[in-house]
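Numbering (my numbering), first residue to last: 22 to 126.
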């Protein structure tokens, strides 16, 4: 079927109602952890370890028992856009600076 034929068939279906501008406004555009995780082809355990998220928290988000707060939503957006960079930054070893360790407060 062509895209035009698909659209015509959808519009002809009495049970298929197009979304109104009000419907679209109410819809949340927050990235969902499960969608991001699946797009990266990771298990819950792998995703949790890789991005330093407690496994129980990730499961709660995915099962709808909890919602990520605003900073976490931003973090998930960054993971969705730059997963390799986030992983690299989180898991890199920071060099030890002796001059910082030698200071006394």
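The C-beta atom is built at its ideal place from N, Cα and C for all residues, glycine as well. None of the values given here were measured: they were computed from a predicted structure.
Drop a sphere of 10 angstroms on the beta-carbon of residue 42, count the other beta-carbons inside from all chains shown, and report buried for 16 or more, exposed for fewer. In the chain shown, counting from the first residue as 1, residue 42 sits at position 21. Its Cβ having fewer than 16 others within 10 Å, residue 42 is exposed.
If you measure between the beta carbons of residue 45 and residue 72, is that distance less than 9 Å? Numbered from its first residue, the chain shown carries residue 45 at position 24. Numbered from its first residue, the chain shown carries residue 72 at position 51. No, the Cβ-Cβ distance between residue 45 and residue 72 is not below 9 Å.
Quick one: is residue 97 buried, meaning 16 or more other Cβ sit within 10 Å of its Cβ, or exposed? Here residue 97 refers to the residue found at position 76 when the chain shown is read from its first residue. So residue 97 ends up on the buried side.
Cβ-based neighbour list, residue 81, same chain, cut-off 8 Å, excluding 5 preceding and 5 following: Position 60 of the chain shown holds residue 81. Excluding sequence neighbours, residue 81 sits near 87.
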